[in-house]
Amino acid sequence: YDHNDETVTVQPGAGGGHNWSPMSYNPNTGLVYIPSSTTSSGTYTVDKNFTYTPGRSNTGLLRGNRGGAAGAPPAENRGATAQQPTNPPKVLPAIGPAPPEGQRGMLVAWDPVTQKERWRTPGGGGIGGGTVTTASNLVFQVINDGRLMAYSADKGDKLLEIQTGLRGG
């Protein structure tokens, strides 16, 4: 929470960096395999005119620099429009390497003991397929475009890629 007038972009946003797609844990490698989204973000500003209203979303935030969530007054009552926001968003530094242009997700191998990323590969996505990992050092994932992927669980080397013809994860 911040009392200033700056707008900030938060990533991951409400959609989460890891949300819908199930992750998996491999006790042999000690790693968690997390399908993650690189496109979920939100822009927020503190609503200095916030008044609690029973039965409404009461976040006290202006979202997207164009007004608040459900139940918030429209942007025109706030002095901002989609074409003329009140102030430009402040972008926070990224955590981890930036994804390649156009990439929407990553599969991240995370070590929960050291709290460090072990490897990452293109894949994942906000609502793509989850992961399954095996005792034989494999991680499987279905990508949103219908590809079934297999990786080595310890290093993330791509071992298999099959186009299933089924889209959506």
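If you count the sequence shown from 1, you need to add 146 to reach our numbering. We put the beta carbon where it would ideally sit given N, CA and C, even for glycine. Just so we're clear, the structure is a prediction, and the values are computed from it rather than from any experiment.
Distances from the CA of leucine 253 to each of Gly311, Ser183 and Asn172 were compared; the closest alpha carbon is that of Ser183.
The alpha carbon of methionine 169 has as its nearest neighbour, out of Val192, Pro268, Glu307 and Ala255, the alpha carbon of Ala255. Separation of leucine 294 and proline 258 (C-alpha to C-alpha, rounded to the nearest whole angstrom) is 26 Å. The beta carbon of phenylalanine 286 lies closer than 6 Å to those of Val278 and Ala296 in the same chain, with the five residues before and after it left out. Between aspartate 303 and threonine 175, the gap from beta carbon to beta carbon reaches 7 Å or more. The Cβ neighbour count for tyrosine 179, taken over all protein chains shown within 10 Å, is at least 16; the residue is labelled buried. For lysine 262, the enclosing beta strand (DSSP E) starts and ends at 262–268.
For glycine 311, the closest of Val288, Ser298 and Leu305 by C-alpha to C-alpha distance is Val288.
Within the DSSP secondary-structure output, methionine 295 pairs in a beta bridge with Gln287 and Glu307. In the DSSP assignment, the residues bridged to valine 192 are Leu207.
Within the same chain, Gln309, Thr310, Gly311, Leu312 and Arg313 come within 7 Å of glycine 292 by CB-CB distance, once the 5 residues on both sides are set aside. Here leucine 312 carries a coil assignment [DSSP, helix/strand/coil].
Threonine 191 is classed as buried because its beta carbon has at least 16 other beta carbons within 10 Å across all chains shown. Note that the C-beta distance between leucine 177 and arginine 264 is below 7 Å.
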